[in-house]
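*Asks:* Sharing a structure, written as structure tokens. Questions coming.
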Amino acid sequence: MTSQTSDEMHYELTLRTTAAGIGFFSTKPVRQMDLPEAARYLVAHPCDDFMRKFLLEGVEVLEPEELGQIIGENLHAPRPFLAVLYEACILYPKYRALSGRFQGVEPEDLAPETSHVAIRSELLPDHFTHVAWIEAFEANRGSHQPLPSQKAVDEEPPVSSADMAKLAERTWTRIDEVLERADARAQPAAPRPPTAETYARAIERLESVGVFAEPELRHQSSLSPVALMRRWKLDRTVQNGRLNYRLTGLQTSWGKGLTLDAARASYAMEMVERVSSFTSVSPEGLLGYTRPYPLVQATFDDLVRQGRRALVPNAVRLDVPYENQPLWWMQAQDWQGKDILVPAQFVFLFCNLDEQGFFGGLGSTGLASGNTQTEARFSALLECVERDAEGVALYRPEDCFLLTADDPQIKALLDGYAAKGVHPVFQDVTTEIGIPCLRAFVVGEDGTVAKGTAAHLDGRKALVSALTEVAYPYPESPASKPAPEGLPTRRYEDLPNFATGDYGRDLARLEEVLAVNGYEPIYLDLTRKDVGLPVAKAMVPGLELTADLESFSRVSPRLWARYLRAVG
């Protein structure tokens, strides 16, 4: 148990709400704080994103007249406080008209005073163009609304003709073209242990560090025939720059699979991954990992002048451009084993350091555990491929299909859905590089779309993973809407398969097809000393990071190209 120092802030991480299977969290001070006290704290710690979000949630309950009065009374207040008031006007539609009340205060002057991306995003000249198109694409992907014409959106294209010309000049290499080259350099891996052994080892390690909060529970909120959940205790401390805080809370890990052993291993290894991806920080660097990770505070230009190799932040799909702000950097390795520095905020979950942020919300993309570091890297890279594929995919009925199977286990599962009146549909969202990626979805009687997506070298594994991820009740299922008429049927056994079953060879195949297309993987080993089970973070600059577009997201050239092809 970490003791709380006199100047240490203690936050609790709690689940605020869920939507479409995605959790939205709050970070609130454990002790009671009114808004004036929270504002004073934020002025002294302007990059504390946890306190900023607490303040924004507190402001959200005010009537517009109340917030307008606060703005009028604080036009000469410190800029970090003015910034959070201005952010409220951006984030909450009911306050939008109040942004004109900041007489004599320029948003450009407030942007450097906040860790949040809202003001910097709105200052971009094409911000509202991207917002309009993001809303149209999300209506299509989330609710299966038809794609609107460019005229109907009444906005300029969000991507320049120059960027589209560059994309048109690109040539793509598909995975079936690199197999021989990848296999020639692959290092064979040890066979994977039985699933029950993976589960037993993970549970033993997790019990030894005392993270469990509750027993394993079964749930019926997904299409997985066996679906489990287990809550665990989070406790981390951060001393970084002006920040000194503790973060605690209860988190939930979820397991899915066709068998009990598979579902148990699924939640246990997800828990290993998540325990490792919340980090503690001291002035000396990151704490608790098998590798030392000192943090370096510098701008990108500083690192270049020092002759240090670093990731170009703008090579990543950021929500706002990096403009040479000082960041906290940590050591990583590229796919060829060469050292490269990366921003720590790109790596961890709920990373709240004394610096500006560049994402409206960064999820768990590229985090994975495994029996070995090779297996963890393979799973982490697959997740990067999945998020990228979903990030550029649009709902198109012509890409959809129904499934039939000879495999007894899959056939029984499909028959079980049919008996309950549940009608899963599949969409092929494989990208230009050919790694199988499939989306499964069910449409409820009220029109709500529940979906899951997965990528794998073996298309059959991608399909099962996507299907069991769908957040639709089973086996106590309400009937869903029937599948659209006229969809083709594909056999489970006919789905493409580029896997060898050897993690060393399969990782080499993934790396090779990504790298030859200009997407060079970067890895970090996040294995913890106390848990001792391999965890990897994979980053692939250039790929989409999330499938969940929100008001600060940017329409990429590849997504725009998909739209243009879809509407003709």
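Reminder that position 537 of the sequence shown reads as 536 in numbering that gives the first Met the number 0, one-by-one numbering, no gaps. All C-beta atoms in this analysis are idealised placements derived from N, C-alpha and C, irrespective of residue type, glycine included.
(1) Pick from P556, G503 and S159: whose alpha carbon is nearest that of P124?
(2) Give me the Cα-Cα distance between A199 and A470, rounded to the nearest whole angstrom.
(3) Mapping the DSSP letters down to three states, classify G360 as helix, strand or coil.
(4) S2 by DSSP, collapsed to three states: which one?
(5) State the CB to CB distance for the pair R140 and L393, rounded to an integer number of angstroms; the pair is presumed to be in contact (CB under 8 Å).
(6) Could you check the C-alpha separation between T447 and S142 for me, to the nearest Å?
(7) Which ranges does the alpha helix (DSSP H) cover as unbroken runs of at least 4 residues, wholly within the region 358-420, from first to last along the chain?
(8) Could you tell me the alpha carbon to alpha carbon distance between R242 and D524, rounded to whole angstroms?
(9) I need the boundaries of the beta strand (DSSP E) containing K536, first residue and last residue.
(10) In angstroms with no decimal places, state the Cα-to-Cα distance between R245 and L352.
(11) Do Q344 and Y522 have their CB atoms nearer than 7 Å?
(12) Using the three-state DSSP reduction, which class does K165 fall into: helix, strand or coil?
(13) Please report the distance separating the alpha-carbon of P157 from that of H129.
(14) What number of angstroms, rounded off, separates the C-alpha of P614 from the C-alpha of K232?
(15) So for M32, helix, strand or coil by DSSP?
(16) Would you check if the distance between the CB atom of M270 and the CB atom of L294 is smaller than 7 Å?
(17) Grab the span of the alpha helix (DSSP H) containing P342 for me, first residue to last.
(18) Count the other CB atoms, across all protein chains shown, that sit within 10 Å of the CB of P190; report buried if there are 16 or more and exposed otherwise.
(19) Three or more C-beta pairs closer than 8 Å, one from the region 192-208 and one from the region 8-16: is that the case here?
(20) For D493 and T26, what's the separation of their Cα atoms in angstroms?
(21) Along the chain, where does the alpha helix (DSSP H) that runs through A151 open and close?
(22) C436 lies in the beta strand (DSSP E); which residues open and close that run?
(23) So the beta strand (DSSP E) I521 belongs to, where does it begin and stop?
(24) So who's on the other strand from E11, going by DSSP bridges?
(25) Just list the residues that DSSP pairs A309 with in beta bridges.
(26) For F23, count the other beta carbons within 10 Å of its own beta carbon; 16 or more makes it buried, fewer makes it exposed. Which is it?
(27) One question on the structure: do H455 and A461 come within less than 7 Å of each other, judged by their Cβ atoms?
(28) For the beta strand (DSSP E) that Q238 lies in, which residues bound it at each end?
(29) Cutting at 6 Å between CB atoms, please list the residues of its own chain near L84, excluding the five before and the five after it.
(30) Grab me the residues of I118's own chain with a C-beta within less than 8 Å of its C-beta, minus the 5 sequence neighbours each way, in chain order.
(31) Touch check for the region 492-508 and the region 314-321: three-plus C-beta pairs under 8 Å?
(32) Are C436 and E385 touching if we call contact CB-CB under 7 Å?
(33) Measure the Cβ-Cβ separation of A388 and A375 and say whether it is below 7 Å.
(34) Would you report the Cα separation of V463 and S479, rounded to the nearest angstrom?
(35) What are the residues that DSSP puts in a beta bridge with A331?
*Replies:* The answer reads as follows:
(1) S159
(2) In this structure, the straight-line span from the alpha carbon of A199 to that of A470 is close to 27 Å.
(3) coil
(4) Unreliable placement is indicated for S2, whose pLDDT of 37 sits below 50; no coordinate value is reported for it.
(5) 6 Å
(6) 7 Å
(7) 372-390 and 407-418
(8) Per the sequence shown, residue 242 should be read as Leu rather than Arg. Roughly 25 Å separates the two Cα atoms.
(9) V534 to M538
(10) 12 Å
(11) no
(12) helix
(13) 6 Å
(14) This structure leaves residue 614 out entirely; the chain is present only between 0 and 567.
(15) coil
(16) no
(17) Note, P342: premise wrong, no alpha helix (DSSP H); beta strand (DSSP E) at D338 to P342.
(18) exposed
(19) no
(20) 47 Å
(21) Q149 to V152
(22) C436 to V442
(23) I521 to D524
(24) According to DSSP, which records beta bridges pairwise, E11 is partnered with K27 and T247.
(25) L340
(26) exposed
(27) yes
(28) V225 to N239
(29) I70
(30) A82, Y85, E86, I89, P106, L109 and A110
(31) no
(32) yes
(33) no
(34) 19 Å
(35) I339
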